[in-house]
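Input: a single structure, listed below in structure tokens.
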Amino acid sequence: MKLKSSYLANFLSLLFPQLCPACGNELVTHEKVICTDCHYNLPLTNFHLQADNIVARQFWGKINLEGAYALYYFSKGGKVQNLMHHFKYKGMQQIGNVLGNIAGLQLATNPRFASIDYIIPVPLHKSRLKERGYNQSACFAYGLAEKLNSTVEENNLIRTRATETQTHRSRFERFENMQEVFAVKNLEKLKGKHVLLVDDIVTTGSTLEACAIPLLQIEGLKLSIATIAYAE
């Protein structure tokens, strides 16, 4: 039976080859979602080894963080952009879980991220969630949780209103666009907890900062941040 299944899988791969969403090359047997070459050669930041990394410095003087992290560097036209495009717009939710596992293994070696109680994804507005069908940040969060032995708290931080895309806005416009957009439903549950706030890409940090403001008003809460990619 296993032999027949293997033959069937090989036959189907000839008709409908699975491609790596980062580089476009065909995946071979035992490669899962991302090809081996991309798995080892995508531009890792290694920010888990640097307490004062670029992402952390973006929030200095704005919000108090235990740690800040991004898995990859993002560049226009690069493989990480290809990966994120398939993740956000082509329905490849499994990318989030795979990248969350990779990031989780890195963060598990860092004492600053060792005591995470809850992982909270940046929420989508219900209209955007209905349109896309899933929250890409939540997919990443569940992958992280598997390696950090933590719990995803998906519906506590909510987006109170829809906002326009941030893509072509200046740093100040992004900040203004995100004012008073997020709120916390159950404050008691997060009292005294270490929360890891996660998003897909960090650029200016305005969305993460807007999320952090209501979270940091909770008594005793410690906050860290993790994203899939950092874009300058």
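The sequence shown runs -22 to -1, 1 to 210 under mature numbering (1 follows the signal peptide of the UniProt record, and there is no 0).
The beta-carbon is built from N, C-alpha and C at its ideal position, and this holds for glycine as well.
Predicted, not measured: the structure shown is a model, and the values here were computed from it.
Which same chain residues end up closer than 7 Å to L43 when comparing Cβ atoms and leaving out the 5 residues on each side of it in sequence?
For the purposes of this step, residue 43 is identified with residue 65 of the sequence shown, where counting begins at 1. Excluding positions up to five away in sequence, the list reads A34, F37, L201, S202, I203.
First and last residue of the beta strand (DSSP E) that includes R110?
Translated into positions along the sequence shown, residue 110 becomes position 132. It is not in any beta strand (DSSP E) - R110 instead sits in the alpha helix (DSSP H) that spans 104 to 110.
Can you have a look at N(-13) and say buried or exposed, based on whether 16 or more other CB atoms are within 10 angstroms of its CB?
Within the sequence shown, residue -13 is the residue found at index 10, counting from 1. Note that N(-13) scores 49 on pLDDT, short of 50, meaning its location in the model is unreliable; the coordinates nonetheless yield the value given after this. Classification for N(-13): exposed.
Does the separation of the CB atoms of I206 and L49 fall below 8 Å?
On the sequence shown, residue 206 is found 228 positions in, with the first residue counted as 1. On the sequence shown, residue 49 is found 71 positions in, with the first residue counted as 1. Contact flag set, yes.
Measure how close the beta-carbons of G82 and L126 come, nearest whole angstrom, since I'm counting them as under 8 Å.
Residue numbering aside, residue 82 sits at position 104 when the sequence shown is read from its first letter. Residue numbering aside, residue 126 sits at position 148 when the sequence shown is read from its first letter. Confirmed, Cβ separation roughly 5 Å.
Given that a residue counts as buried once 16 or more other Cβ atoms are within 10 Å of its Cβ, and exposed if not, what is K66?
In the sequence shown, residue 66 corresponds to position 88, counting from 1. Under this definition K66 is a buried residue.
Please name the residue or residues paired with I35 in a DSSP beta bridge.
Counting from 1 along the sequence shown, the entry for residue 35 is found at position 57. The sequence as given places Arg at residue 35; Ile does not occur at that position. Answer is none; R35 lacks a bridge partner.
According to DSSP, is H17 part of a helix, a strand, or is it coil?
Residue numbering aside, residue 17 sits at position 39 when the sequence shown is read from its first letter. H17: helix per DSSP, three-state reduction.
I'd like the span of the beta strand (DSSP E) that includes V76, first residue to last.
Sequence index remark: in the sequence shown, residue 76 carries index 98 (1-based). Segment 72 to 85 is the alpha helix (DSSP H) holding V76; no beta strand (DSSP E) there.
Do V58 and P99 have their C-beta atoms closer together than 8 Å?
Looking up residue 58 in the sequence shown gives position 80. Looking up residue 99 in the sequence shown gives position 121. V58 is not a Cβ neighbour of P99, given a cutoff of 8 Å.
How is the alpha helix (DSSP H) around K66 delimited, first residue to last?
For the purposes of this step, residue 66 is identified with residue 88 of the sequence shown, where counting begins at 1. Per DSSP, K66 belongs to the alpha helix (DSSP H) from 57 to 67.
Whose CA, out of A161, A209, K167, R137, lies closest to the CA of V130?
Locating residue 130 in the sequence shown gives position 152, counting from the first residue. Minimum Cα distance to V130 is reached at K167.
Suppose the cutoff is 6 Å on Cβ atoms and the five residues either side in sequence are ignored; what does the same chain contact list for A161 look like?
As a working mapping, residue 161 is identified with position 183 in the sequence shown. So the list reads I136, T138, P192, once near-sequence residues are dropped.
Along the beta strand (DSSP E) that carries F52, what are the first and last residues, could you check?
Within the sequence shown, numbered from 1, the residue matching residue 52 stands at position 74. Unbroken beta strand (DSSP E) run through F52: 45 to 52.
Report the residue from N75, N79, E132 whose alpha carbon sits nearest the alpha carbon of L107.
Here the question's residue 107 lines up with position 129 in the sequence shown. Looking at the Cα atoms, E132 is the closest of the given residues.
When DSSP labels each residue in this structure, what does T138 get in the three-state scheme?
For the purposes of this step, residue 138 is taken as the residue at position 160 of the sequence shown. DSSP places T138 outside both helix and strand once states are collapsed to three, so it counts as coil.
Per DSSP, K200 is paired with what?
Position 222 of the sequence shown, counted from the start, is the residue given in the question as residue 200. K200 pairs with H172.
Closest to I94 by C-alpha separation, out of A119, V173, V11, would be which residue?
Here residue 94 refers to the residue found at position 116 when the sequence shown is read from its first residue. It is V173 whose Cα lies nearest to the Cα of I94.
Give a yes or no on whether the C-beta atoms belonging to L61 and A(-1) are separated by under 8 Å.
In the sequence shown, residue 61 corresponds to position 83, counting from 1. In the sequence shown, residue -1 corresponds to position 22, counting from 1. In contact: L61 and A(-1) (Cβ atoms closer than 8 Å).
Shortest alpha-carbon distance to C16 belongs to which of I73, K40, S184, Y47?
Start at 1 with the first residue of the sequence shown, and residue 16 comes out as number 38. Checking every option, the nearest Cα to that of C16 belongs to I73.
Could you give the first and the last residue of the continuous beta strand (DSSP E) run that contains P192?
Start at 1 with the first residue of the sequence shown, and residue 192 comes out as number 214. Unbroken run through P192 is the alpha helix (DSSP H), 184 to 193; no beta strand (DSSP E).
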